[in-house]
Amino acid sequence: MKINIKATNYFFWGLALLVIPLSFLSAPEASEHHKMPPLLKHFNEIVALTGYSMLALSFVLSARIKWLERQFGGLDKMYQTHHKMAVLAFMFMIAHPFLLALRWIPDNAARFFLTVFPLHRRDEVNLGSYALWGIILLMIFTLLIKLPYRSWKISHKFMGVFFIMIVIHTFHLTVSFDRNPLLWLYLVMVSGLGIAAFIYQTLLYGLFNRGFVYVVNTVEKINGKVLSVKLSPRDRELKFIPGQFCFFSFRYPGMSRESHPYTLCSGEGSTVQILVKALGDYTSRLYDTLKPGAKVRINGPYGCFHFRDGIDDQVWIAGGVGIAPFVSWMNDLQQQPADKLRVELYYCVNHESEAVYLDEFRSFEQSFPGFKLHLICADKEGFLKVRDIQEIQKREIFLCGPKAMSVSLNEIFQEMNIPPQLIHYENFDFS
């Protein structure tokens, strides 16, 4: 099923920016307030409320709502919009106190800088200052200081607390029902959506998404970095489309219970298989300590990455453990063949020793006439040269690999004027 991803994006951006025309329904105050010209005060309110609405909706976009994820064409796409909206919200909220402080220039420069600190006479004003400084710290940890995933995830729970503080600040100081009823109702709506999404994600997600309990059957170290894990259900069986991913939380002594996304390698069936590459502290510990019998809680599935939604002539590009969805698709094609499908798989690795499931893909190549495997080893032939792929502009492209690889290839696709609707990729860099 084709999804109009742009329409969903436009809807959320439009909803966030609706605050601007609604703000013009109320005229600026006729008198100066604390030496601040009415027009500047009104402009500052619009800046503040635009950041406010974007922050509220960014909570909705981070709540892993499955119905909404499908409208965005994948959780990664929804998180990308969340990230952009949250960063813009931060910029608008930073601008707000400094615009407010312009009234002290040039007479009192010291007071200009003190405006951003919680040193005001009114508690509701200080509440906004405390929230702003809290968000500044969180954005520093997000954009500049790369915290460990678990610490980053815990720190982000405070964002909802700071947002509630901003809600109190906003409704006490900025807008009243009598002055602009439509704007007031709009702010009530986006505030309610933001708070509800925060409560759902923080307190209720586990109640509404019990997940699936699986047990590790086999653990195979394919090479010095990659682990193949097969799991079977303890009770309920996970239903998924090949190419989707889930969040896995491994529950055994000495292992953190944080959840991480992994693509399902298996075809349809009760057994689930994933690939784990030892990249950081968590995955390295998993590589070293995971044993059969370990309990795993799975949440999902997520993702709209599926070859059967594309045209018959396709190019699959995998980088490293980004081969996982294509392993799943190979298994799916063995169970449900697609006679008209023509696929070229470009499997990109640094060294041939890093490649996994090579024998399986080569065997599949012999049995499936429409499939062709190309192993691209950087140490022998350099990086993949997509411009050399015949008629790639007319073919459906599915890409899964490291973020740097995806960004680089998408830039080349854009230069080649390949229609965006023919390019599909997943980015697991959710932080």
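Residue numbers -6 to 424, in my numbering, belong to the letters of the sequence shown in order.
Heads up, the beta-carbon is just placed ideally off N, CA and C, and yes, glycines get one too.
N- and C-terminal bounds of the alpha helix (DSSP H) containing residue i
i, result
"His75", "68 to 94"
"Ile405", "396 to 408"
"Asn119", "116 to 136"
"Asp372", "371 to 374"
"Lys59", "59 to 65"
"Glu358", "351 to 360"
"Thr256", "Careful: Thr256 lies outside any alpha helix (DSSP H), inside the beta strand (DSSP E) at 253 to 256."
"Tyr179", "174 to 192"
Alpha-carbon spacing of residue i relative to residue j, whole angstroms
i, j, result
"Val56", "Ile133", "The sequence given here places Ala at residue 56; Val does not occur at that position. One C-alpha to the other measures close to 22 Å."
"His162", "His253", "36 Å"
"Arg250", "Ile382", "43 Å"
"Leu334", "Phe243", "37 Å"
"Thr256", "Gly315", "9 Å"
"Gly479", "Thr282", "Here the chain covers residues -6 to 424 and nothing more, so residue 479 does not appear."
"Ala49", "Leu368", "46 Å"
"Ser122", "Ile385", "53 Å"
Per-residue burial, residue i [other beta carbons within 10 Å of its own, 16 or more giving buried]
i, result
"Asn216", "exposed"
"Ala9", "buried"
"Thr43", "buried"
"Arg96", "buried"
"Asn292", "buried"
"Trp322", "buried"
"Glu213", "exposed"
"Arg388", "buried"
"Phe5", "buried"
"Gly273", "exposed"
For residue i, three-class secondary structure by DSSP
i, result
"Asn343", "coil"
"Leu200", "helix"
"Gln266", "strand"
"Ala41", "helix"
"Asp305", "coil"
"Phe240", "strand"
"Arg278", "helix"
"Pro111", "coil"
"Ile411", "coil"
"Leu392", "strand"
"Ala311", "strand"
Residue span of the beta strand (DSSP E) that contains residue i, given as start and end
i, result
"Lys288", "288 to 295"
"Tyr207", "205 to 214"
"Leu272", "Segment: none, Leu272 is in no beta strand (DSSP E) and carries neither H nor E."
"Val222", "219 to 226"
Nearest-angstrom beta carbon gap, residue j and residue i [assumed within contact, 8 Å]
i, j, result
"Asn343", "Asp372", "6 Å"
"Gln439", "Lys232", "An answer regarding residue 439 cannot be provided, because it is not within the stretch -6 to 424 covered by the chain."
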